[in-house]
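Notes to accompany the following structure.
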Amino acid sequence: MATRLPTRVAPEYTARIRGLSRNFGDRTVLDRLDLDIERGEFVALLGRSGSGKSTLLRALAGLDRDTTGELAVDGTVAVAFQEPRLLPWKRVIDNVALGLPPGGRERARDALQEVGLTARAGAWPLTLSGGEAQRASLARALVREPGLLLLDEPFSALDALTRITMHRLVLDLWDHHARDTSVLLVTHDVDEALLLADRVLVLGEGRIAHESRIEAERPRRITDLTALRDRLLG
Ligand code: ADP
Ligand code: MG
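Residues in the sequence shown are numbered from 1 upward in steps of one, following UniProt numbering.
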């Protein structure tokens with residue numbers, strides 16, 4: 001298990017990773033990887049299929065006991081996956097409130113409002129569209145007020161128009177939570193990475209093989225995205 005450093009991360013960072021490694025059999029998937037994520041930063045992670053992106057996210061989420069190295073994460077970690085993984089026997093609001101302390105339903109209601117899903121709070125997950133299910137999944141992650149939000153290809157199963165709506169939503173949410181929440185988004189979509197992120201990383205050979213900072217201002221990107229969506233959706 002990677003050592004979870006007990007100290008608070010330096011105030012300007014949400015996560016610091018040093019020398020993180022993971023082998024499957026004799027295959028080394030993560031190879032002494034180093035990564036810092038700044039507080040409030042939106043990071044996109046690209047990389048070929050099988051390069052270890054999900055393995056890295058699982059390690060950050062504390063879901064993998066067989067990673068070695070050092071990890072320090074400040075605050076709660078929440079994950080949203082490509083498949084929303086809602087429990088079909090619980091209504092949407094109860095999925096979002098799952099595991100929260102008493103009073104959680106109120107917070108779940110607020111989170112559903114944030115993602116524009118108030119009208120579907122009482123619905124069964126199987127009656128949701130793909131985009132709605134992904135919104136519910138985002139609400140379930142946000143309600144935990146995570147210091148680090150991990151998104152593992154959350155939009156790749158959605159049609160192009162729904163994806164644009166979700167991009168806009170994620171930028172809005174990030175705008176609200178930016179001071180407290182850092183995002184690490186795994187995506188196959190380079191345009192998505194450039195649109196959403198402050199910094200784009202490429203995972204290769206088990207390490208961060210490349211990184212670049214995106215200089216375009218986010219308000220400008222939000223405006224462009226809104227205009228695009230309005231034009232496409234009429
Ligand atoms: P990515 O998300 O970048 O597509 P993954 O992190 O899912 O890649 O997987 C990286 C590599 O590790 C792949 O070769 C995959 O087959 C392997 N792998 C992932 N999980 C397991 C597992 N539980 N057992 C064996 N091999 C695994
Ligand atoms: Mg993956």
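Virtual Cβ for every residue (Gly too), placed ideally from N, Cα, C.
Discussion item. What I want to know is whether the C-beta of S54 ends up closer than 6 Å to one or more non-hydrogen atoms of the ligand MG.
Written reply: yes
Worksheet item: Of the choices T14, L57, L45, G50, whose alpha-carbon is the least far from that of I37?
Response: T14
Worksheet item: Can you name, in chain order, every residue of its own chain whose Cβ lies under 7 Å from the Cβ of residue 235, other than the five neighbours on each side?
Response: The requested residue 235 does not occur in the structure, where the chain is confined to residues 1 to 234.
Worksheet item: Looking at the structure shown, is R179 part of a helix, part of a strand, or coil, going by DSSP?
Response: coil
Worksheet item: Is DSSP giving I164 helix, strand or coil here?
Response: helix
Discussion item. If I follow the unbroken beta strand (DSSP E) through V79, where does it start and stop?
Written reply: 77 to 80
Fill in: DSSP-derived helix/strand/coil call for T67
coil
Worksheet item: Which word fits A174, buried or exposed, when buried means at least 16 other C-beta atoms lie within 10 angstroms of its C-beta?
Response: Just to set this straight, residue 174 is Trp in the shown sequence, not Ala. When all chains shown are included, W174 counts as buried.
Worksheet item: Quick check: the region 182 to 197 against the region 25 to 32, are there 3 or more CB pairs under 8 Å?
Response: no
Worksheet item: Taking buried to mean at least 16 other C-beta atoms within 10 Å of its own C-beta, is P154 buried or exposed?
Response: buried
Worksheet entry | L87 in three-state terms, based on DSSP | coil
Worksheet item: Is it a yes or a no for the region 109 to 121 touching the region 57 to 71, going by three-plus beta-carbon pairs under 8 Å?
Response: no
Worksheet entry | Cβ-Cβ distance between D172 and E41 below 7 Å | no
Worksheet item: To which residues of the same chain is P6 closer than 8 Å at the C-beta, ignoring the five residues directly before and after it?
Response: Below a pLDDT of 50, predicted positions are generally treated as unreliable, and P6, at 46, falls in that range; the measurement from the model is reported next regardless. Closer than 8 Å at the Cβ level, and outside the excluded window around P6, lies no residue.
Practice prompt. Please report the Cβ distance between R107 and I93, rounded to the nearest whole angstrom; I am assuming they are in contact, meaning their Cβ atoms lie under 8 Å.
Written response: About 10 Å separates the two Cβ atoms, so there is no contact after all.
Fill in: CB-CB length for V43 against V202, believed under 8 Å
That pair is no contact at about 12 Å.
Worksheet item: Taking 6 Å as the cut-off, is the CB of F24 close to at least one heavy atom of the ligand GTP?
Response: Looking for the ligand GTP in the displayed structure turns up nothing; the ligands present are the ligand ADP and the ligand MG.
Discussion item. Within 10 Å of its beta-carbon, does G25 have 16 or more other beta-carbons around it, so buried, or fewer, so exposed?
Written reply: exposed
Worksheet item: Do you know how far the Cα of R91 is from the Cα of L56?
Response: 31 Å
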